[in-house]
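Here is the structure we will look at.
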Amino acid sequence: MEEELRKIVGDKWVITNDERLLYSFDGFTAVSGNPSMVVLPGSEEEAIEVIRFLISRDKKFIIRGSGTSLSGATVPLNGEVVVSMTRLNKVYWAEGLEIEVGPGIANIMITRNAPQDLFYAPDPSSYVVSSIGGNISHDSGGIHVVKYGSTFNSVVSLKVILPNGNVEEFKPSPFFNPTSIFIGAEGTLGAILRARLRLFPKPKERKTIIGVFKDVESASKAVINIFKSGVIPSALEMMDKNSVEVVEKSKYRAGLPKANILLVELDEVDEAENKVISVIKGLGGDYIIPE
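The sequence shown begins at 0 in numbering that gives the first Met the number 0 and counts up one residue at a time.
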């Protein structure tokens with residue numbers, strides 16, 4: 000089997016020595032497995048051939064991207080073959096408000112390859128390295144999910160290889176969007192080969208407001224009241240005083256006030272800024288606008 004796989008992807012891209020153990024865990028390093036080997040196809044065609052070959056041999060395998068998840072979906076607990084899709088990082092085209100990419104491209108590279116006035120909205124905390132195939136398989140979110148939605152809201156169509164080896168392209172229709180069943184399925188329904196994604200216009204201006212509150216209850220009420228005022232922030236995060244103190248004692252300290260805080264990001268600034276400040280003051284809070 001190993002020899003056949005080397006013929007498909009090349010000797011360099013089949014790993015059977017101890018380096019394969021680098022693929023034995025994901026972002027949650029406390030749990031690890033033991034892959035029998037790791038295969039890294041370099042093109043869509045190679046990926047299809049590798050997967051079909053493994054299916055024909057009735058060999059268990061796991062599809063993997065950058066391995067940043069915490070779910071354990073890519074951990075080979077039973078000696079599976081790991082098929083890494085990280086080399087499938089091609090941008091096929093970008094037109095209008097859409098871009099088509101391979102599953103191995105890092106999330107951050109989608110915006111970098113989009114037209115200058117557009118951006119890809121889902122931004123999980125690992126967006127610098129996490130691959131789009133994994134983002135889709137886990138329906139990853141991020142800080143901007145409050146306005147732009149999770150990955151589910153940014154996938155237009157998918158090309159996948161199914162567990163029987165058939166390759167299908169799923170596109171939206173007026174009646175049913177079959178792409179939706181693959182988003183968040185963690186690879187159980189098939190391996191993503193290509194994704195067409197939705198882009199959004201970059202905001203002309205962004206502003207951050209930090210609400211500072213005496214207690215968590217007031218900060219929580221501010222979240223509700225911001226939406227009641229008609230404002231939809233582009234990002235909204237709450238941190239209690241204990242969490243802030245932990246951050247400020249670490250190398251990631253950001254000079255935050257040691258209090259219960261609400262981080263509000265706006266990309267529709269004028270009227271929205273005044274409304275948010277009014278909500279914060281109405282609950283007895285104070286606010287900071289970073290320069």
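Don't be surprised by glycine CBs; every beta carbon is placed ideally from N, CA and C. Since the structure is predicted, the reported quantities are computational estimates derived from the model, not experimental observations.
{"Check": "Bridge partners for A93 per DSSP, in chain order?", "Outcome": "I98"}
{"Check": "With DSSP as the reference, label D285 as helix, strand or coil.", "Outcome": "strand"}
{"Check": "Between the beta-carbon of I209 and the beta-carbon of I142, is there less than 8 Å?", "Outcome": "no"}
{"Check": "Quick one: using the 10 Å Cβ neighbour count with 16 as the cut-off for buried, is T28 buried or exposed?", "Outcome": "exposed"}
{"Check": "Beta carbon of L192, beta carbon of V159: below 8 Å?", "Outcome": "yes"}
{"Check": "Take R56 as the anchor and find which of E44, E3, G32, G9 has the nearest alpha-carbon.", "Outcome": "E3"}
{"Check": "By the three-class DSSP mapping on this structure, what secondary structure does M108 have?", "Outcome": "helix"}
{"Check": "Name the DSSP beta bridge partners of A113, please?", "Outcome": "BP columns for A113 are empty, so no partner."}
{"Check": "Could you tell me which residues DSSP puts in a beta bridge with N259?", "Outcome": "F212"}
{"Check": "Am I right that N77 and K58 are in contact with their C-beta atoms under 8 Å? What's the rounded C-beta distance?", "Outcome": "At roughly 11 Å, the Cβ-Cβ gap does not stay under 8 Å, so N77 and K58 are not in contact."}
{"Check": "DSSP on T28, reduced to helix/strand/coil?", "Outcome": "coil"}
{"Check": "On a Cα-Cα basis, can you pick out the residue from S42, R51, V82 that is closest to K334?", "Outcome": "Coverage of the chain is limited to positions 0 through 290, which leaves residue 334 absent and any answer about it impossible."}
{"Check": "Could you spell out where the beta strand (DSSP E) holding I293 opens and where it closes?", "Outcome": "Outside the shown range of the chain (0 to 290) lies residue 293, about which nothing can therefore be said."}
{"Check": "For M238, which of P256, N224, H137, G229 has the nearest alpha-carbon?", "Outcome": "P256"}
{"Check": "If we call anything under 8 Å between Cβ atoms a contact, is S153 one with Y119?", "Outcome": "yes"}
{"Check": "Should F181 go down as buried or exposed, given a rule of 16 or more other Cβ atoms within 10 Å for buried?", "Outcome": "buried"}
{"Check": "Comparing C-alpha positions only, which one of P40, I287, G281, S68 sits nearest to S298?", "Outcome": "Past the edges of the chain, shown from 0 to 290, lies residue 298, and the structure says nothing about it."}
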